[in-house]
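Heads up: the structure comes next, in structure tokens.
2 protein chains.
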Amino acid sequence: MPIDGLATQLRKGVIEYCVLAMLKEAPLYGGEVIQLLRTKGQILVSEGTIYPLLSRLRSEGFVETEWRDTPTGAPRRYYRLSRSGQKAVADFRAERFRFRDSVNEIFPDGGRQK
Amino acid sequence: MPIDGLATQLRKGVIEYCVLAMLKEAPLYGGEVIQLLRTKGQILVSEGTIYPLLSRLRSEGFVETEWRDTPTGAPRRYYRLSRSGQKAVADFRAERFRFRDSVNEIFPDGGRQK
DNA sequence: CAAGGAACCTTGTATTGCAAGGCTTGATCG
DNA sequence: CGATCAAGCCTTGCAATACAAGGTTCCTTG
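So the sequence lines, in the order shown, correspond to chains A and B.
Its first residue numbered 79, the first sequence is counted upward by one per residue in our numbering.
Its first residue numbered 79, the second sequence is counted upward by one per residue in our numbering.
The following block contains the structure:
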């Protein structure tokens, strides 16, 4: 597996909003985010990707956080979608569809293949 | 317009292959690449994006180049898709569909709108 | 008290897209 | 002839992202 390959570049600017979209359903902590990305989307991300990403979402106000103690060890920081985070997801959705259509115009046999 | 916004991140790793896909039809020089991206895909890119990108395609062997004089002024460097460039486009296509499906799994109401 | 696991964070690197500015060629105009 | 202009190409510096590697804290278990 290439350290920095084709798939890695495709992810840029997308994973962030995948996380926000998942938070729409329920608050999650870091480990759950990684697990859900893997099980729901076959998207494998490491902690080195997720934690800086979550930090940025927080500093941009897209999420709010809350510490919860656990019986099993270290406490967890749970992330919850904020109002402006909901708007960010909606904006991304629209932009994603626009861009997808653009690329489909350029690629021969746009997007209609299995 | 934000210097580095939502749309800019979405493009990463995609424009490169849009260019290769366009070269599948005919050899092009830098200015034509910029123009075609704009007219066919509504994708606005500047010279500062395209020329380093074309350089990289060349150093990776995805394209071959040829200088042609013009009657109008400076000569043009034309880019032609190589054999390995064709394979790169095919690989990208497959990876793009995979990733699209993954994201659709995560986003509520995946891709079926409008 | 040592070992280990769960959870979190930080640091450094590579890649990409982009703006700004510079260089070269040939035509045009004073 | 010299200056100006436009087309075409390239380089430099910056910001954002994904990632690996390594470190820290907390609690439990032996």
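Here a beta-carbon is modelled for each residue, glycine too, at the ideal position from N, C-alpha and C.
Since this is a predicted model, take the numbers as computed values, not measurements.
In the DSSP assignment, E94(A) falls outside any beta strand (DSSP E) and lies within the alpha helix (DSSP H) extending over 93 to 101. In the same chain as Y129(A), and ignoring 5 residues on each side of it, the C-beta atoms closer than 8 Å to its own belong to G108, in chain order.
Rounded to whole angstroms, the gap between the alpha carbons of K90(A) and L84(A) is 11 Å. The DSSP-derived three-state label of D147(B) is strand. Per DSSP, the unbroken alpha helix (DSSP H) holding L115(B) starts and ends at 108 to 119. Under the 10 Å beta carbon count, A172(B) is surrounded by fewer than 16 other beta carbons and is classified as exposed. The beta carbon of V123(B) sits closer than 7 Å to the beta carbons of I93, I112, L115 from its chain, once the five residues preceding and following it are set aside; these are given in chain order.
For the region 108 to 131 of chain B, the set of positions with a beta-carbon nearer than 7 Å to some beta-carbon of chain A reads K118, G119, Q120, I121 in chain order.
At a cut-off of 8 Å, the C-beta of K165(B) has no neighbouring C-beta in chain A.
Contact between the region 173 to 187 of chain B and the region 132 to 152 of chain B is absent: fewer than 3 CB-CB pairs across the two stretches fall below 8 Å. Comparing alpha-carbon positions, the option among S160(A), Y95(A), T117(A) lying closest to F170(A) turns out to be Y95(A).
Under the Cβ distance rule, A168(B) does not count among the residues neighbouring chain A, no pair being separated by less than 8 Å.
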